[in-house]
């Protein structure tokens with residue numbers, strides 16, 4: 003061992019840091035320098051790869067605007083970056099003890115008859131009743147993971163791999179999980195874990211029309227602090243692209259079923275990249291190699307090895323790794339029906355199974371042999387009980403032999419402070435006094451989050467103009483049909499009835515065309531849940547940005563519909579009347595869009611959502627006052643009239659049309675229209691009018707105004723609110739549903755097992 007400054011160079015074994023506190027760090031294998039994506043002449047005396055924070059320190063001066071971004075990858079041993087400026091990673095140890103997790107299944111189950119007298123597997127000993135049974139998914143799982151290493155959880159389908167990763171990542175509801183999880187011997191709180199860790203889901207949930215570079219850049223905008231300049235964020239993204247091996251795909255869109263994009267392996271690496279942009283201390287992954295070919299899977303795990311070597315704890319579940327992937331793993335846990343059947347480094351597998359009495363044949367894939375043996379034991383009469391007991395006895399022996407009190411010398415607070423000071427956890431505090439208590443929950447203020455979210459949504463949407471084009475086309479076609487059907491309505495009694503029908507259909511159409519907003523959030527739901535689960539941004543920021551982005555399109559659609567129908571139908575009010583008509587349509591679009599958005603946060607399936615939307619909007623139209631006036635609605639249904647979203651814009655445009663007291667809609671003999679006397683000759687109508695006048699003692703002639711617009715409003719029961727109040731209430735409904743959408747996200751996006 004050679005001393006350089008205050009650091010020690012080494013090839014393997016142990017080293018000590020003597021800055022302010024002494025930490026002991028044990029490396030199980032030397033760094034694979036040749037395969038690193040940065041410059042290969044990095045000093046091999048450093049025990050781990052550079053963190054992204056260290057890469058960032060190479061970029062530019064204090065302003066970060068003068069150094070070319072490609073220099074971030076030059077990690078040579080220049081005089082300005084010597085060993086003295088590169089502190090070695092201080093150790094983190096994530097320990098978990100006696101983790102037990104069970105779920106209740108509500109159905110009648112009985113224990114199978116064991117006629118052979120065999121002992122059932124402990125996990126299969128299910129407590130059963132007439133209404134439910136309890137199934138144990140994790141049964142007394144213990145182990146530890148250290149920074150600089152990859153811990154892989156293996157097992158057959160249903161063995162509990164993903165459940166264990168979820169348990170460690172705090173994705174199981176509090177109270178359901180038994181046992182303890184500590185980091186450096188201290189309990190790991192949920193708030194802190196969200197800040198210092200990241201979780202990569204099994205499915206690649208990405209925006210399809212963003213490029214690889216844009217996807218990572220938006221992630222950087224979310225996870226990196228506002229104090230970091232734009233150029234340094236771009237440099238960090240470029241460094242990450244090189245580290246992930248995505249340079250050739252940087253300008254390629256992600257793609258989906260309808261748009262060709264990057265390959266499956268590249269998508270998986272992008273998914274990893276967006277969660278490690280802030281250089282987290284702990285990285286959880288749920289089967290990152292699932293669905294990939296052997297080459298792509300190896301490249302993904304190779305990337306994870308580099309991430310671990312930068313000073314992170316990497317924990318992942320994996321189904322059946324190849325021989326090459328095994329060489330990249332530092333430790334493994336094999337699970338069988340929720341119990342540990344092996345825990346240790348891959349190199350100890352041959353000795354372990356040899357001592358158990360099932361030696362691994364030469365030239366045999368060690369993990370495949372182990373998994374096959376475990377499956378064979380699971381199907382036997384004794385189950386895996388003997389293997390579980392063997393693992394427990396071996397674990398107890400190793401714990402006594404390898405107990406090292408030096409691991410407890412560095413507290414969690416000091417370890418996090420040291421990690422932040424050397425560039426990890428970039429979204430946290432950056433001063434020398436940084437600690438676990440000063441790490442920010444969110445990297446940016448909410449207005450920055452709103453701006454970034456809005457920009458991302460607009461960027462993704464403008465590359466799919468057909469979506470807005472279809473909606474605009476539907477509005478224009480509907481407006482054209484209404485304009486031609488109700489062309490230049492007159493002021494006769496028939497014209498009044500036709501106006502009422504036009505307004506009812508027009509207002510309901512604005513709400514029904516908002517139903518296309520339903521799939522928008524349903525498609526983004528899992529992306530939203532993944533990003534907010536680890537505090538990429540606030541839920542309130544998402545709701546506000548979602549609302550802001552929707553407004554321009556709603557204005558355009560409202561203007562298109564209003565301009566298409568107002569003058570063609572012959573509505574009253576002139577320019578002032580047109581702008582109120584436009585404002586009411588805009589308010590209706592806003593309320594309808596907000597209502598559908600709220601429902602998208604409640605329902606989980608598109609077809610179910612469309613069914614609910616169509617049904618509720620039909621009821622809104624029924625109780626709006628068009629089919630049955632307010633005074634005719636039964637008292638036990640009157641409440642539905644007041645919560646009808648169609649009621650308020652419908653009443654508003656009616657008042658806009660009929661609120662002129664000087665305008666007459668029924669004169670003299672027109673009172674016989676829409677009655678059986680309508681077919682009587684005009685001369686006979688005049689005589690009937692004279693007879694009626696004589697009987698009533700009033701003078702009614704053919705030019706006498708019988709019904710004004712105010713009379714029509716009274717007949718329709720529109721007397722309780724002014725047109726402006728109707729407009730404000732419609733807008734208020736929109737804001738109310740946006741607030742309800744926020745609470746639906748708050749309550750429904752915990753992303754935890756119960």
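In my numbering, the protein residues as written are 3 to 756.
Virtual Cβ for every residue (Gly too), placed ideally from N, Cα, C.
Pick out the complete alpha helix (DSSP H) segments inside the region 222-310, 4 residues or longer, and give them in chain order.
Whole alpha helix (DSSP H) segments, 4+ residues: 232-245, 266-278.
Between residue 580 and residue 652, what straight-line distance do the alpha-carbon atoms span, to the nearest angstrom?
Residue 580 sits at position 578 when you count from the first residue of the chain shown. Residue 652 sits at position 650 when you count from the first residue of the chain shown. In this model, residue 580 and residue 652 are separated by some 15 Å (Cα to Cα).
Please report the straight-line C-alpha distance between residue 31 and residue 190, rounded to a whole angstrom.
For the purposes of this step, residue 31 is identified with residue 29 of the chain shown, where counting begins at 1. For the purposes of this step, residue 190 is identified with residue 188 of the chain shown, where counting begins at 1. Reliability of the predicted coordinates at residue 31 is poor, the pLDDT of 40 falling under 50, and the value obtained from them is presented with this limitation in mind. The straight-line gap from Cα to Cα measures roughly 28 Å.
Where residue 107 falls, given that 16 or more other Cβ within 10 Å makes a residue buried
Taking the chain shown and counting its residues from 1, one reaches residue 107 at position 105. So residue 107 ends up on the exposed side.
What first and last residue would you give for the beta strand (DSSP E) that runs through residue 154?
The residue labelled residue 154 in the question sits at position 152 within the chain shown. Taken as a continuous stretch (DSSP letters only), the beta strand (DSSP E) holding residue 154 covers 152-156.
DSSP three-state assignment for residue 189, whether helix, strand or coil:
As a working mapping, residue 189 is identified with position 187 in the chain shown. The answer is strand: DSSP assigns residue 189 an E or B state.
Please check the pair residue 504 and residue 488, which I expect to be a contact at CB under 8 Å, by giving their CB distance rounded to whole angstroms.
For the purposes of this step, residue 504 is identified with residue 502 of the chain shown, where counting begins at 1. For the purposes of this step, residue 488 is identified with residue 486 of the chain shown, where counting begins at 1. Under the criterion of beta carbons closer than 8 Å, residue 504 and residue 488 qualify as touching, at roughly 5 Å.
Spatial distance of residue 649 from residue 627 (CA atoms)
Taking the first residue of the chain shown as position 1, residue 649 is located at position 647. Taking the first residue of the chain shown as position 1, residue 627 is located at position 625. Rounded to the nearest angstrom, the two C-alpha atoms are 7 Å apart.
Using beta-carbon positions only, say whether residue 243 and residue 210 come within less than 9 Å of one another.
One-based indexing of the chain shown puts residue 243 at position 241. One-based indexing of the chain shown puts residue 210 at position 208. In this structure, the beta-carbon distance from residue 243 to residue 210 does not fall below 9 Å.
With C-beta atoms as the reference, is residue 589 less than 9 Å away from residue 732?
Residue mapping note: residue 589 aligns to position 587 of the chain shown, counting from 1. Residue mapping note: residue 732 aligns to position 730 of the chain shown, counting from 1. Taking 9 Å as the Cβ cut-off, residue 589 and residue 732 qualify as a contacting pair.
Which whole-angstrom value describes the C-beta separation of residue 608 and residue 524, a residue pair presumed to lie in contact below a C-beta threshold of 8 Å?
Working through the chain shown from its first residue, we reach residue 608 at position 606. Working through the chain shown from its first residue, we reach residue 524 at position 522. Their Cβ separation, rounded to whole angstroms, is 6 Å, which keeps residue 608 and residue 524 in contact under 8 Å.
For residue 157, tell me which candidate among 215, 337, 539 has the shortest Cα-Cα distance.
Looking up residue 157 in the chain shown gives position 155. Distances from the alpha-carbon of residue 157 to those of 215, 337, 539 put 337 closest.
Of the choices 683, 677, 135, 534, whose alpha-carbon is the least far from that of residue 749?
Counting from one through the chain shown, the residue named residue 749 turns up at place 747. Taking each of 683, 677, 135, 534 in turn and checking the Cα distance to residue 749, the smallest one comes out for 534.
Whole-angstrom Cβ separation of residue 208 and residue 269, contact assumed at under 8 Å?
Within the chain shown, numbered from 1, the residue matching residue 208 stands at position 206. Within the chain shown, numbered from 1, the residue matching residue 269 stands at position 267. Contact between residue 208 and residue 269 holds: their C-beta atoms lie close to 7 Å from each other, under 8 Å.
Any alpha helix (DSSP H) of 4 or more consecutive residues that is wholly inside the region 708-739
With a minimum length of 4 residues, the continuous alpha helix (DSSP H) runs that stay inside the region 708-739 are 711-717.
Anyone know if the C-beta pair for residue 491 and residue 508 falls short of 9 Å?
As a working mapping, residue 491 is identified with position 489 in the chain shown. As a working mapping, residue 508 is identified with position 506 in the chain shown. No.
Do residue 103 and residue 195 have their beta-carbon atoms positioned less than 9 Å apart in this structure?
For the purposes of this step, residue 195 is taken as residue 193 along the chain shown, with counting starting at 1. For the purposes of this step, residue 103 is taken as residue 101 along the chain shown, with counting starting at 1. It is not a contact, given that the beta carbons lie outside the stated cut-off.
First through last residue of the alpha helix (DSSP H) which encompasses residue 341:
For the purposes of this step, residue 341 is identified with residue 339 of the chain shown, where counting begins at 1. From DSSP, residue 341 is part of no alpha helix (DSSP H) but of the beta strand (DSSP E) over 341-346.
Would you identify the three-state DSSP class for residue 96, choosing helix, strand or coil?
Here residue 96 corresponds to residue number 94 of the chain shown, with the count starting at 1. When DSSP states are grouped into helix, strand and coil, residue 96 belongs to the strand group.
Please work out which residues of its chain come closer than 7 Å, Cβ to Cβ, to residue 333, disregarding the five sequence neighbours upstream and downstream, and give them in chain order.
The residue you call residue 333 lines up with position 331 of the chain shown. Non-local beta-carbon contacts of residue 333 in its own chain, meaning distances under 7 Å to residues more than five positions away in sequence, involve 151, 153, 346, 347 in chain order.
Between the alpha carbons of residue 221 and residue 631, how many angstroms are there, rounded?
Sequence index remark: in the chain shown, residue 221 carries index 219 (1-based). Sequence index remark: in the chain shown, residue 631 carries index 629 (1-based). Taking the Cα positions, residue 221 is about 53 Å away from residue 631.
According to DSSP, is residue 706 helix, strand or coil?
Here residue 706 refers to the residue found at position 704 of the chain shown. Of the three classes helix, strand and coil, the one that applies to residue 706 here is coil, per DSSP.
Cα separation between residue 225 and residue 202?
Along the chain shown, one-based indexing puts residue 225 at 223. Along the chain shown, one-based indexing puts residue 202 at 200. Inter-residue distance for residue 225 and residue 202 is about 15 Å (C-alpha atoms, whole angstroms).
Close beta carbons around residue 258, own chain, < 8 Å, minus the five adjacent residues each side
Mapped onto the chain shown, residue 258 falls at position 256. Taken in chain order, the residues that qualify are 210.
Where does residue 661 fall in DSSP's three states?
If you number the chain shown from 1, residue 661 lands on position 659. If DSSP states are grouped into helix, strand and coil, residue 661 belongs with coil.
On the DSSP bridge assignment, give the partners of residue 595 in chain order.
In the chain shown, counting from the first residue as 1, residue 595 sits at position 593. In the DSSP output, where bridge partners are listed per residue, residue 595 has none listed.
Tell me, please, which residues DSSP counts as bridged to residue 318.
Against the chain shown, residue 318 aligns to sequence position 316. DSSP, once it has assigned bridges, lists 154, 287 as partnering residue 318.
What whole-angstrom Cβ distance do residue 547 and residue 459 have, given they're in contact under 8 Å?
Counting from one through the chain shown, the residue named residue 547 turns up at place 545. Counting from one through the chain shown, the residue named residue 459 turns up at place 457. Taking C-beta atoms under 8 Å as the contact rule, residue 547 and residue 459 qualify, at a distance of about 7 Å.
Bridge partners - residue 336, DSSP secondary structure assignment
As a position in the chain shown, residue 336 is number 334, starting the count at 1. According to DSSP, residue 336 bridges with 156, 344.
DSSP-derived helix/strand/coil call for residue 88
The sequence position of residue 88 within the chain shown is 86, counting from 1. In this predicted model, residue 88 has a pLDDT of only 37, less than 50, meaning its place in the structure is not dependable enough to derive any value.
Note down, in chain order, each residue of its chain lying with its Cβ closer than 6 Å to the Cβ of residue 674, except the 5 sequence neighbours on either side.
Locating residue 674 in the chain shown gives position 672, counting from the first residue. For residue 674, where only same-chain residues beyond five positions count, the Cβ hits under 6 Å are 680, 687.
According to the neighbour-count rule (16 or more other Cβ atoms, all chains shown, within 10 Å of its Cβ), is residue 384 buried or exposed?
Along the chain shown, read from residue 1 onward, the residue named residue 384 stands at position 382. Under this definition residue 384 is an exposed residue.
What residue range is occupied by the uninterrupted beta strand (DSSP E) comprising residue 176?
Mapped onto the chain shown, residue 176 falls at position 174. Looking at the DSSP string, residue 176 is not in any beta strand (DSSP E), and its letter there is neither H nor E.
Residue range of the beta strand (DSSP E) that residue 633 falls in?
In the chain shown, counting from the first residue as 1, residue 633 sits at position 631. Per DSSP, residue 633 belongs to no beta strand (DSSP E) and is neither H nor E.
Whole angstroms are fine: how far does the CA of residue 661 sit from the CA of residue 701?
As a working note, residue 701 is residue 699 in the chain shown. As a working note, residue 661 is residue 659 in the chain shown. Cα to Cα, residue 701 sits roughly 26 Å from residue 661.
In the DSSP output, which residue or residues are listed as bridge partners for residue 148?
Here residue 148 refers to the residue found at position 146 when the chain shown is read from its first residue. The partner list for residue 148 (beta bridge, DSSP) reads 95.
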